[in-house]
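Line by line, the protein sequences are chains A and B.
Sequential numbering from 1 applies to the first sequence in our numbering.
Sequential numbering from 1001 applies to the second sequence in our numbering.
All residues carry an ideal CB built from backbone N, CA and C; glycine is no exception.
Predicted model, so just to flag it, every value in this text is computed and none were measured.
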Amino acid sequence: MARIEIRDVSKLFGEVRAVEGVNLLSTEGEFLVLLGPSGCGKTTLLRMIAGIEEPTSGDIVIDGQVVTHLPPRVRNIAMVFQSYALYPHMTVYKNIAFPLRARGMGRATIKDKVEWAAGMFGIGHLLDRKPRALSGGERQRVALARAMVREPSVFLLDEPLSNLDAILRASAREELRQFQKRVAVTTVYVTHDQVEAMGLGDRIVVMSKGSIRQVGTPAEIYQWPADTFVATFVGSPPMNLMEQGDLLVGFRPETFLPAEFVEVRDGGVTYPFEVTYLEYLGAERLVYGNVGEKFQARHVVSRLPGSVDVSIEAGSTYSFAVSRRDLRYFDRASGLRTDKGLA
Amino acid sequence: MSGWQEDGTTVGLTRPGFRDQAGLLAKLMIAPAIIYISAMIGIPFVLAILYSLSDVTTGDPTLRLIGLQNFREILADPVFRISLKNTFFFAFVSVTLVIILSRILATALMADFRGKWLVRFLIMLPWTAPISLGTIGWLWMYDSIFSPIDWILRSIGLLGTPGALLGAQPNLYWLGEPKLAMASVVLVHAWRLLPLATVIQLAGLSSIPRELLEAAEVDGAKGWRRTVEITIPLTLPIISIAFLFGLIFTFTDMTVVYVLTRGGPVHMTQVLSTWTFFKGIEGGDLAQGAAISLFLFPALAGVAALMLRMARRTEVV
């Protein structure tokens, strides 16, 4: 177990600033998710923690020790790559044993540890196979076993579920989460998938264009986005944003409901909602339309749970409302969340 | 082909034409290659077999079959046995040398440094020159009196003075001493094959996924362990292809030996291809020449089959 500290780290690739002035501190045994669109610098940051990439400036501290310029092997980290990077010419056993052999462990110790790691991920029966004879899910488990076998103090994962199909991904997510809780190794997990991020992370680090936009629990990120980027990147469909003077007012689609379903006692806001398009998704309906007049026509989305069985048709205008406590205000110029609108 | 008309009716199927008969088209398109190969390789090959079983000479081209008489004779010939041994010796030694050197060069060329293009250009240069011209250049380098190699050795005091490491005589006589002559041939073959092998190895190294090398780095493997356990096994199929090419080039080459030594001194550097030429063309005994040249066939076929099998068995990512 270890704490990871990132002190004012920047990384330049030629002229391109991949990561810029990032500060981050994990707690011990924490599951930290780096979330952001592709090209936001999250993978570069992970690779700098691993030691594959060296920061242009700043320091990486693991367990109180500055490791910025140390090679990966002395950092006691383990990494699972997006492609799993299993050695194709080695059997599963040899793949898992490789990091141990690289440390010069004895044959008997290696055997014990490989069997322990394989047992932990339920791949004991696959030890004689080569990676190409494995399914995607099995490969992922081998990659995890190879990472865990040397009992690292930090566990780094680069989109490890992105090569799995949707059903497998959900179960792999659950297993990964439970496994991490059990071994309590500080984990940094990179993903561009917000569902993974919300489901896995103790805390989520939302990144964009090389810098951190917000760090917080999944609930904080979702309920109280720090700026308009986080508000629109997290959540599907994203938060609705409307101009209101020098502010932007935002509300989540599921809080934008027919007026009769919204408690307006605390002073909710009612809008005439001109519906243009409907999507029926089984458990819910997505209603697209414009909120007009008062704030110039603006496209917004409402997400109606199955329990809201009001009939709604495209082309009609309805009275929709948002409870006041669900409204968020952002500064129009900076995009940062502000408390101004609450007054 | 069917499609929709403006008024909603479908257009009927057009009759399949000549172009739609994939099987026939395929046969027609592959035909030139097959005709070419049978004419340029098949016919001479069959002729060589026929000749080897006959007593044809350049003076008397009538074909009279005499069975395995030619093979018995060449096997009893000590020069043939030297040639056979040399052919294998030259091929394996120079190709092994080339594989090791090209590996080092390719690894160096994987790194980024200034002037990389110039280094690549210089490495490729021997490949662009005709082999005969390159070998003539080497013939001058190995000259018994004016050899620049000897001149350098003399000027740094390794040769030509009493008590010098390589002897007191002024020259090494590269092509006159049996061992040195063999080394000279090997060196020219290696020089000649190095560019192609380097390019092949470079392709192999760059085909290894970067994440795999990074995984090895994170797993704690650097330097030798990474080379021996990751990059060499992963590039083995490609190394074996470079090896195969090298073997075939050296097995079948007669230019280097012909230009440098003509098989001398006293047949010490004779190889099957030069011996075939001297026997069959210069000596006029077509039948024996053909028999000698056929000895290359099982060796080449065996090497090719082995390498292809290795390449298939070794896993590629």
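Have a look at the DSSP bridge pairing and note the partners of residue i.
i: T317/A; result: E274/A
i: I204/A; result: V33/A and G216/A
i: V22/A; result: V9/A
i: L1013/B; result: L1013/B is not bridged to any residue.
i: S302/A; result: V287/A
i: Q65/A; result: I62/A
i: A78/A; result: F155/A
i: Y329/A; result: V249/A and T338/A
i: R1225/B; result: According to DSSP, which records beta bridges pairwise, R1225/B is partnered with nothing at all.
i: Y280/A; result: R285/A
i: T191/A; result: L35/A
i: V322/A; result: V269/A
i: V16/A; result: F13/A
i: I4/A; result: I62/A
i: L1065/B; result: S1054/B
i: S307/A; result: Paired residue(s): none; S307/A is not in a bridge.
i: S57/A; result: S10/A
i: D227/A; result: L336/A
i: S211/A; result: S208/A
Can you tell which of the options has the C-alpha that lies nearest to the C-alpha of residue i?
i: S1273/B; options: W1127/B, E1214/B, V1079/B and S1207/B; result: V1079/B
i: M1110/B; options: A1291/B, R1210/B, V1271/B and A1129/B; result: R1210/B
i: Y84/A; options: T56/A, E138/A and W224/A; result: E138/A
i: G1134/B; options: Y1173/B, Y1258/B, D1055/B and W1151/B; result: Y1258/B
i: F1045/B; options: G1302/B, F1295/B, A1305/B and M1310/B; result: F1295/B
i: A22/A; options: V205/A, N76/A and L156/A; result: Rather than Ala, the amino acid found at residue 22/A in this sequence is Val. If we check each option's Cα against that of V22/A, V205/A comes out closest.
i: E115/A; options: L336/A, A145/A and A184/A; result: A145/A
i: W1174/B; options: I1292/B, S1147/B, I1156/B and L1213/B; result: S1147/B
i: S236/A; options: I212/A, F251/A and G245/A; result: F251/A
i: L1180/B; options: T1261/B, T1057/B, F1297/B and R1225/B; result: T1261/B
i: I77/A; options: M242/A, K340/A, F155/A and P218/A; result: F155/A
i: V269/A; options: G216/A, V80/A and E260/A; result: E260/A
i: P72/A; options: Y87/A, S10/A, W224/A and L46/A; result: L46/A
i: L24/A; options: E15/A, I49/A and D165/A; result: I49/A
i: S1054/B; options: W1117/B, G1042/B, E1073/B and G1264/B; result: E1073/B
i: G14/A; options: P55/A, S38/A and S26/A; result: P55/A
i: L1077/B; options: W1275/B, R1064/B and L1065/B; result: Note that residue 1077/B is Asp in the sequence shown here, rather than Leu. Among W1275/B, R1064/B and L1065/B, the Cα nearest to that of D1077/B belongs to W1275/B.
i: S153/A; options: G29/A, G41/A, S171/A and Y318/A; result: G29/A
i: L1050/B; options: R1312/B, N1171/B and A1290/B; result: A1290/B
i: I1248/B; options: E1229/B, L1213/B and F1297/B; result: F1297/B
i: V234/A; options: L248/A, F273/A and T191/A; result: T191/A
i: V1093/B; options: G1067/B, I1152/B, L1075/B and V1186/B; result: V1186/B
i: D227/A; options: K113/A, V249/A and G210/A; result: V249/A
i: V16/A; options: D8/A, R3/A and C40/A; result: C40/A
i: T1252/B; options: R1019/B, L1084/B and R1225/B; result: L1084/B
i: H89/A; options: S10/A, D128/A, T109/A and I60/A; result: D128/A
i: A117/A; options: K11/A, A97/A and T187/A; result: A97/A
i: Q1069/B; options: V1056/B, V1228/B and P1061/B; result: V1056/B
i: I4/A; options: R328/A, V291/A and T68/A; result: T68/A
- Closer than 7 Å, Cβ to any Cβ of chain A: which residues of the region 1223 to 1238 of chain B, in chain order? R1225, I1230, P1233 and L1234
- Message: Output needed in chain order: residues of the region 118 to 143 of chain A with a Cβ under 8 Å from some Cβ in chain B.
- Response: K130 and R132
- Task: Output the residue ranges of the alpha helix (DSSP H) runs that lie fully inside the region 1234 to 1299 of chain B and measure 4 residues or longer, sorted by chain position.
- Result: Listed in chain order, they are 1255 to 1260, 1272 to 1276 and 1286 to 1294.
- Entirely enclosed alpha helix (DSSP H) segments - the region 81 to 108 of chain A, minimum 4 residues: Taking only runs of at least 4 residues, the alpha helix (DSSP H) segments lying wholly in the region 81 to 108 of chain A are 92 to 102.
- Message: Does the region 1199 to 1210 of chain B come into contact with the region 1220 to 1238 of chain B, if we say contact requires no fewer than three beta-carbon pairs (one atom in each stretch) closer than 8 Å?
- Response: yes
- Query: For the region 230 to 260 of chain A, which segments carrying the beta strand (DSSP E) assignment without a break, of at least 3 residues, lie completely within its bounds, in sequence order?
  - Reply: Listed in chain order, they are 240 to 244 and 247 to 251.
- Where the region 1197 to 1215 of chain B meets chain A: residues whose CB sits under 8 Å from a CB there: P1209, E1211, L1212, E1214 and A1215
- Query: Do the region 1119 to 1134 of chain B and the region 1142 to 1157 of chain B make contact, defined as three or more Cβ pairs closer than 8 Å?
  - Reply: no
- Return the chain-ordered ranges of every alpha helix (DSSP H) run that is complete within the region 1142 to 1218 of chain B and spans a minimum of 4 residues. 1148 to 1155, 1178 to 1206 and 1210 to 1218
- Could you name each continuous alpha helix (DSSP H) segment of 4 residues or more that falls completely within the region 132 to 188 of chain A, going from the start of the chain to the end? Segments of the alpha helix (DSSP H) lying fully in the region 132 to 188 of chain A: 136 to 148 and 166 to 183.
- Message: Check whether the region 1272 to 1290 of chain B and the region 1100 to 1117 of chain B are in contact - that is, three or more C-beta pairs closer than 8 Å.
- Response: no
- Can we say the region 295 to 309 of chain A touches the region 243 to 259 of chain A, given the rule of at least three CB pairs closer than 8 Å? yes
- Within the region 1096 to 1131 of chain B, note down every full alpha helix (DSSP H) run reaching 4 residues or more, in order along the chain. 1116 to 1128
- Query: Relative to chain B, which residues along the region 61 to 83 of chain A have a C-beta separation below 8 Å, given in chain order?
  - Reply: P71, P72, R73, I77, A78, M79, F81, Q82 and S83
- Query: For the region 192 to 205 of chain A against the region 25 to 33 of chain A, are there 3 or more C-beta pairs whose distance is under 8 Å?
  - Reply: yes
- Query: Which of the residues in the region 87 to 104 of chain A, read from start to end, lie with their CB under 7 Å from any CB of chain B?
  - Reply: Those residues of the region 87 to 104 of chain A that come within reach of chain B (Cβ to Cβ, closer than 7 Å) are Y87, P88, H89, F98, P99, A102 and R103.
- Taking only beta carbons into account, state which residues of the region 29 to 60 of chain A come closer than 9 Å to chain B, listed in chain order. Here the close residues are R47, A50, G51 and I52.
- Message: Which residues of the region 1098 to 1111 of chain B have a Cβ closer than 8 Å to any Cβ of chain A? Give them in chain order.
- Response: Residues: none.
- Item | the region 318 to 337 of chain A touching the region 272 to 286 of chain A, judged by at least three CB pairs closer than 8 Å | yes
- Going along the chain, which residues of the region 316 to 333 of chain A sit with their C-beta nearer than 8 Å to a C-beta in chain B? none
- Item | the region 55 to 68 of chain A / the region 4 to 12 of chain A touching (three or more Cβ pairs under 8 Å) | Counting Cβ pairs under 8 Å, three or more are found: they touch.
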